[in-house]
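Position in the sequence shown (from 1) plus 145 gives the number in my numbering.
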Amino acid sequence: METAERFRAAVEKRDVSALEGLFTEDVRLYSPVKFVPFEGRAMVLGLFGVLVRVFEDLRYLGRLDGAAETSADGEEAPSVVLPFRATVAGKQIHGIDLLQFDEAGLIKEFTVMVRPQSAVHALGQAVLAGLVADDLAPAPAEG
């Protein structure tokens with residue numbers, strides 16, 4: 146089974162340990178709720194530990210294969226888009242996961258896009274709470 150299918154199966158089963166061998170050591174995950182990417186396998190796996198708790202009824206709806214430009218010189222990498230639906234804090238989310246692979250077939254970049262804005266907001270709050278609970282992010286300052 147290739148990486149995208151293994152990824153999909155692991156997420157649908159909520160099996161974070163099955164994701165461990167699918168990412169490069171220096172993977173970057175671009176999230177709709179954070180300006181800078183989550184970087185490194187340990188951090189991305191920690192994030193997925195939160196996400197499998199936050200997303201309710203996550204289901205992938207299909208798959209689109211292709212290539213995506215990965216550098217200023219136009220270099221392309223094999224890519225897969227996985228459209229999904231889920232619920233977070235009572236909000237319906239429509240989204241896509243864009244997986245970009247290295248030469249060995251591991252995920253080197255991962256971009257998540259979701260809509261609508263109210264769902265992005267709910268997702269951001271739930272993810273932050275999970276990251277804080279798992280000691281992966283500091284608690285927000287009271288203000």
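By construction, the Cβ of each residue, glycine as well, lies at the ideal position given by its N, Cα and C atoms. Just so we're clear, the structure is a prediction, and the values are computed from it rather than from any experiment.
Please list the terminal residues of the continuous beta strand (DSSP E) segment that includes Ser263. Segment 262-278 is the alpha helix (DSSP H) holding Ser263; no beta strand (DSSP E) there.
Taking one C-beta from the region 193-212 and one from the region 227-246 each time, how about it: are there three or more such pairs within less than 8 Å? yes
Rounded to whole angstroms, how far is the Cβ of Gln245 from the Cβ of Lys253, which I believe are closer than 8 Å? 6 Å
Using 8 Å as the cut-off, can you tell me whether the region 207-221 makes contact with the region 189-196, which would need three or more C-beta pairs spanning the two stretches below that distance? Flag = no, the region 207-221 and the region 189-196 do not touch.
Using the Cα positions of Glu248 and Val277, report the straight-line distance between them to the nearest angstrom. Glu248 and Val277: Cα-Cα distance of roughly 34 Å.
Nearest candidate by alpha-carbon position, reference Val226, set Gly235, Ala213, Asp218: Comparing Cα positions, the closest option is Ala213.
Confirm, please, whether the CB-CB distance from Ala155 to Leu121 is below 8 Å. Residue 121 is absent from the structure shown; the chain starts at 146 and stops at 288.
Grab the span of the beta strand (DSSP E) containing Gly240 for me, first residue to last. 236-246
Excluding the 5 residues preceding and the 5 following Val272 in the sequence, name in chain order all residues of the same chain whose CB lies nearer than 8 Å to its CB. These residues qualify, in order along the chain: Ser176, Val178, Leu192, Val195, Leu196, Val199.
Among Gly275, Asp218, Leu167, Ile238, whose alpha-carbon lies nearest the alpha-carbon of Ala149? Nearest C-alpha to Ala149: Leu167.
Decide if Gly250 is buried, meaning its Cβ has at least 16 other Cβ atoms within 10 Å, or exposed. exposed
Have a look at Gly240 and Leu268 and give me their C-alpha separation to the nearest angstrom. 12 Å
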